[in-house]
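To get the working numbering, take the position in the sequence shown, counting from 1, and add 203. Ideal Cβ positions, reconstructed from N, Cα and C, are used throughout, including at glycine.
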Amino acid sequence: MDVGARIAELRQVLTRAAELYYQYEQPELSDTEYDLQFRELVELEEQHPEFNDPSSPTHRVGAAPVEGFEQHRHGVPMLSLDNAFGAEELLAFDERIKRFLGRDDKIEYLVELKYDGLSLSLTYENGALVRATTRGDGTTGEVVTHNAKTIRDIPLRLSEPISGEVRGEVLMFKDIFEKLNKERVEKGQNPFVNPRNAASGGMRQLDDKLTAERRLRFFAYGVGAIESALPDSQSGLMDWLGKLGFARRSQFWVCQGIQEVISRTEEVLTLRSSLDFGIDGCVVKVNSSALQNELGNTARGPRWATAYKFPSEQAFTKLVEIGAQVGRTGVVTPVAHLEPVFVGGVTVSRATLHNYGELERKDVRAGDTVIVQRAGDVIPEVVGPVLDKRPADSTPHIQPTHCPICETELVQEAGYIALRCPNKKGCPAQIASKIIHFVGRKAMDIDGLGEKQIVRYLAEPAERPLLTDVPSIYALHSRKEELLALDRMGEQSTQNLIDAIEASKTRPLARFVFALGIPLVGERTAADLAREFRTLQAIREASAEELDDIQDIGARTAEEIHDWFREEENSDLIDALLQVGVDPVEGEAPKGDQFAGLTFVFTGKLEQFTREQAEAWVMDLAGKPAGSVSKNTTYVVAGPGAGSKLAKAEQLGVQVLTEGQFVEMLPEGTI
Ligand code: IVH
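Right, dumping it as structure tokens:
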């Protein structure tokens, strides 16, 4: 290839990669791949100035600034850390410190978790949050205050009138990441590669509603420029941050000498997969502030700290074959069947290939040796093939044209990557997943109807299967003889199943809404819908604007819900369920609106009534009861024995009421 063509190719690849990364948060190249190709382009352009083009990606400075964010210079630069891999490098770190300080006694260290997120600098003035800035190039970052305000761990006001910068890491918890990715795949979007990317993209949204939907978290671990006398140690600093209101500060352990540090990091490594969030190692810091000052910084980062990196959670194995899986909404995704391999603490034999676009791009083939990764410690995925080990006779995987289950021709909707089986009403795989979801413990909770039975009843008896769709569950009672004949179930268990189905007809509205399987509507959103609208009819008729007005529902979810109820087949499904006697228990209209817009959390022992009773009153008066304290909580009603919720309320500055004060707020005659 000639130079001009190569330059053009690199520009195209890099521009696209940057676009995918920054606009869609879908990195297509690994950081290393990106860096290598970027470097190649820089060199070629230097050698061949005749191809100069101001729109080349090399003309963008640093981390491709996104338009729309104001830039801000940090009071103190946000530096990086040196890495240490393995115990030997930790020993070397300790040696360097001792040499620099001219000491040979044990140094006191602090071991902290190294959060795998993005760093954020928060500026407070007289205790009030005035700015949040990303790291950017270390000297100047992007102002993302509106987004930071959606993170509930970030206090808007500190308990002391401090002025200065507090630093920490923004991250996404694993459960949220998994849920978010599931929703993305269902919607035909590419899943995020890891929680860090999802968090990073979340912070760089122009619309803070989108940030809020990602439910990000924040852990404080240090300060930048600050006008206060600081504690004399890093551990003291952490305690102080806690007192200021950073409930979620970094976990830490004080260690005497490097040997203790080494055993502590080994322990953390074994804990890694049980944490709710991703860490990529530990940060080891000299604990004494005086020694930190003496050690100072290099251009790259502080001499007094190092990042102890854990080995990455990847492994090699053989890909036996590529199968296809049909989801509840008909999206067909490729799945890799693997020779079992131990990775990230578990044995993996199936891994996701996300979608056919990605499969084609990675060109993974049956027979390949592949790199498997437990992305974000959760969903195992195939990173790519090891080309050197590819069998000579291998051929690229061919995307299916027909549903692997019902053989209907698949469709690819314009603008979507997802391949879909359009046979919504007839595809047994889709019907099975819908029924499985519908009867689930958190949905209609029908005991005795498990996945195995569902698949079986959809196929048998062949001339007239017991199940055909969701409403057909409610006709099972009329086919008791066939049920008995088919299963080795006894009379009693069959009757139990029939009773469980009958009992499910009057589940609370929230469960019914969740059971419908509306894309993006999890348990919490379903509960919000039931609480806000109270009747099924009202939810069905709600406009997208009304849905969007609900506190925790974002615009996109609102639209999705609105559209779902307007699709004929969904409407038919609900009508059919009502027809067969499903009668969700709806909330009663509020008796008053005294508590409209107020959120209450009850904690500790209540003397005069139960918590359920108190929450019912709150709802009667158009208020919202909640289970946990956040910055959206208006009041915490605390009785004797109140613990962490009370502490959290105090940290966040949420008003705390006694039971008596709460009673006084109730209209006369309520109790
Ligand atoms: S202290 C001068 N403590 O790791 C930098 N950093 O590789 C001092 N990080 O940019 C940083 N957890 O984003 C520190 N407990 C922790 C951390 C932590 C994660 C990140 C941070 C930093 C990067 C350096």
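- Task: Pick out whichever of L413, D778, Q528 and L562 has its Cα sitting closest to the Cα of P918.
- Result: As displayed, the chain neither begins before 204 nor continues past 874, which places residue 918 out of reach and without an answer.
- Message: By DSSP's criteria, S324 is part of a beta bridge. Which residues make up the other side?
- Response: When DSSP reads this structure, S324 sits in a beta bridge with T336 and R370.
- Item | Pair within 9 Å by beta-carbon distance, N558 and T536 | Going by C-beta atoms, N558 is nearer than 9 Å to T536.
- Answer with buried or exposed for T836, where buried requires no fewer than 16 other C-beta atoms within 10 angstroms of its C-beta. Flag for T836 reads buried.
- Message: Report the CB separation of V551 from R623 in whole angstroms; it is logged as a contact under 8 Å.
- Response: About 27 Å; that fails the 8 Å criterion.
- Message: Short of 7 Å in beta carbon distance, which residues of its chain neighbour E524, apart from the five on each side in sequence? Order them along the chain.
- Response: If we look at E524 and ignore the five residues flanking it on each side, its Cβ neighbours are H540 and A569.
- Task: With a threshold of 16 other CB atoms inside 10 Å of the CB of H605, please say whether the residue is buried or exposed.
- Result: It is exposed - the Cβ of H605 has fewer than 16 other Cβ atoms within 10 Å.
- Task: Using beta-carbon positions only, say whether H277 and T218 come within less than 9 Å of one another.
- Result: Taking 9 Å as the Cβ cut-off, H277 and T218 do not qualify as a contacting pair.
- So the beta strand (DSSP E) F803 belongs to, where does it begin and stop? Run containing F803: T802 to T806, per the beta strand (DSSP E) assignment.
- Item | Spatial distance of L383 from E610 (CA atoms) | L383 and E610: Cα-Cα distance of roughly 29 Å.
- Task: Could you pull out every unbroken beta strand (DSSP E) segment of at least 3 residues lying fully inside the segment 483-539, listed in chain order?
- Result: Listed in chain order, the complete beta strand (DSSP E) runs (minimum 3 residues) inside the segment 483-539 are 508-512 and 517-529.
- Taking just the CA atoms, how far does D786 sit from K708? When rounded, the distance between both Cα atoms is 5 Å.
- Spatial distance of S774 from D672 (CA atoms): Going from the Cα of S774 to the Cα of D672 covers about 14 Å.
- Message: Short of 8 Å in beta carbon distance, which residues of its chain neighbour E818, apart from the five on each side in sequence? Order them along the chain.
- Response: Annotation for E818: F803, F805 and P828 place their beta carbon closer than 8 Å to its own, counting only its chain and skipping 5 residues before and after.
- Do you know whose CA, among E315, P603, V567 and L332, lies nearest D883's CA? Shown here, the chain extends from 204 to 874; a query on residue 883 therefore has no answer.
- With E345 as the anchor, note down where its beta strand (DSSP E) starts and where it stops. E345 -> beta strand (DSSP E) spans T343 to E345.
- Extent of the continuous alpha helix (DSSP H) to which D319 belongs: D319 -> no alpha helix (DSSP H), and no H or E assigned at all.
- Cβ-based neighbour list, D650, same chain, cut-off 6 Å, excluding 5 preceding and 5 following: A703.
- Message: Can you tell me whether M375 sits near the ligand IVH, meaning its C-beta is under 8 Å from at least one heavy atom of the ligand?
- Response: No.
- Message: Quick check: the segment 433-448 against the segment 485-493, are at least 3 beta-carbon pairs closer than 8 Å?
- Response: With the cut-off at 8 Å, the segment 485-493 and the segment 433-448 touch.
- Message: For I764, report the span of its alpha helix (DSSP H) as first-last.
- Response: First-last of the alpha helix (DSSP H) with I764: A758 to R769.
- Task: Pick helix, strand or coil for Q437, following the three-state DSSP scheme.
- Result: Three-state DSSP puts Q437 in a helix.
- Task: Report all residues from its chain with a CB closer than 6 Å to the CB of E249; omit the five preceding and five following residues, and keep chain order.
- Result: Result list for E249: empty, nothing under 6 Å.
- Task: Could you pull out every residue in the same chain whose Cβ sits closer than 7 Å to the Cβ of G460, ignoring the five residues on either side in sequence?
- Result: So the list reads K309 and I310, once near-sequence residues are dropped.
- On the premise that I482 lies in contact with L316, defined as a C-beta separation below 8 Å, what is that separation, rounded to the nearest angstrom? So it is a contact: roughly 5 Å between Cβ atoms.
- Pair every Cβ in the segment 335-352 with every Cβ in the segment 292-306, then say whether three or more of these pairs are closer than 8 Å. Using a Cβ-Cβ distance cut-off of 8 Å, the segment 335-352 and the segment 292-306 are not in contact, since fewer than three pairs of beta carbons, one from each stretch, lie closer than that value.
- Tell whether a beta-carbon distance below 9 Å holds between F296 and D285. Contact flag set, yes.
- Query: If L332 sits next to L359, beta carbons under 8 Å apart, how far is it from one beta carbon to the other, in whole angstroms?
  - Reply: Taking 8 Å as the upper bound for CB-CB distance, L332 and L359 are in contact here, some 5 Å apart.
- Message: At a threshold of 8 Å, does V347 count as lining the ligand IVH (C-beta to nearest heavy atom)?
- Response: No; taking the cut-off as 8 Å, the Cβ of V347 has no heavy atom of the ligand IVH nearer than that.
- Message: Below 8 Å, how does it come out for the segment 345-359 and the segment 404-416: are there three or more Cβ pairs, yes or no?
- Response: By the C-beta criterion, the segment 345-359 is judged to be in contact with the segment 404-416, since at least 3 inter-stretch pairs fall below 8 Å.
- Item | Below-9 Å beta-carbon distance, G448 vs any chain D residue | Protein chains in the displayed structure number just one, and chain D is not present.
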